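Presented below is the structure to which this report refers.
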């Protein structure tokens, strides 16, 4: 199916509107191949599963979208570029999960939420810059992005949730993050190439297995750290450790 035209004033793309495969879910557009020739700039909302597994889409650039729903572009395996407009505030759960051809994501500072699994399994994504408006990176947000090499954390990021970057095996460096306070369980587990991460002195909590299997990482314990979880630095490269006076718990 080729869609040559959508109304110029279209603001809302509902749940599963152009989904192409939802198993047994009866959907008007199920199991079709869609080609969008004209997407109006007026589009303001893309609902849950809006374009789920739509393999004809090759890019995302809708400047007036304010929210991208959960699984909206999950499994759109031919999307290679995502440019998120300045009006967008939320990227939903698993919104771009398993977009295997995705190599570039540009996010504006208007983004305040990157929810669970938003870019997980994007195996060709090479680098990511977290916008200033984001305070929390959701669970599994970038899990198994196996070609990710660089993360640029804004100074707005306070929390990195559980498994946020788990399995990013080619991740080499993490830059920024001076306001970071909490690193969740398994946040960087099996990031075996990670060698450069100056953990902010503001970090108070490092969860279970946070850096488990980060063989290349030399660690300096933050000065304000209160708690280190079980196996937090298991298999890391450690020559010496200075335990700060603030530390009250080591599992």
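Residue numbers (the numbering used here): 60 to 310.
Glycine residues also receive a C-beta, built at the ideal position from the N, C-alpha and C atoms.
If you're wondering where the values come from, they're calculated on a predicted model, not measured in any experiment.
Inset, instruction - From the DSSP output, in three-state form, read off residue 262 for me. - result: coil
Inset, instruction - Could you pull out every residue in the same chain whose Cβ sits closer than 7 Å to the Cβ of residue 161, ignoring the five residues on either side in sequence? - result: 138, 139, 141, 155, 181, 183 and 184
Inset, instruction - Would you kindly check if the distance between the Cβ of residue 187 and the Cβ of residue 206 is under 9 Å? - result: no
Inset, instruction - Output the boundary residues of the beta strand (DSSP E) element that contains residue 278. - result: Per DSSP, residue 278 belongs to no beta strand (DSSP E) and is neither H nor E.
Legend entry - Supposed contact pair residue 266 and residue 243 - C-beta distance, whole angstroms, cut 8 Å: 5 Å
Inset, instruction - Note down the Cα distance separating residue 288 from residue 116, rounded to an integer number of angstroms. - result: 42 Å
Inset, instruction - Taking residue 211 as part of the beta strand (DSSP E), name the residues at either end of that continuous run. - result: 209-212
Inset, instruction - Ignoring anything shorter than 3 residues or poking outside the region 194-241, list the beta strand (DSSP E) runs there in chain order. - result: 209-212 and 232-235
Legend entry - Beta-carbon proximity check, residue 220 vs residue 250, cutoff 9 Å: no
Legend entry - Nearest neighbour of residue 339, chosen from 159, 174, 209 and 118 [CA to CA]: This structure gives no information on residue 339, because the portion of the chain shown stretches from 60 to 310.
Inset, instruction - For residue 292, verify whether its CB is less than 8 Å away from any heavy atom of the ligand SAM. - result: Ligands are entirely absent from the displayed structure, and the ligand SAM is therefore not among its contents.
Inset, instruction - Return the residue from the list 106, 303, 270 and 214 that minimises the CA-CA distance to residue 223. - result: 270
Inset, instruction - Spatial neighbours of residue 259 within its chain, please: CB distance less than 6 Å, with the 5 preceding and 5 following residues excluded, ordered by chain position. - result: 236, 237 and 239
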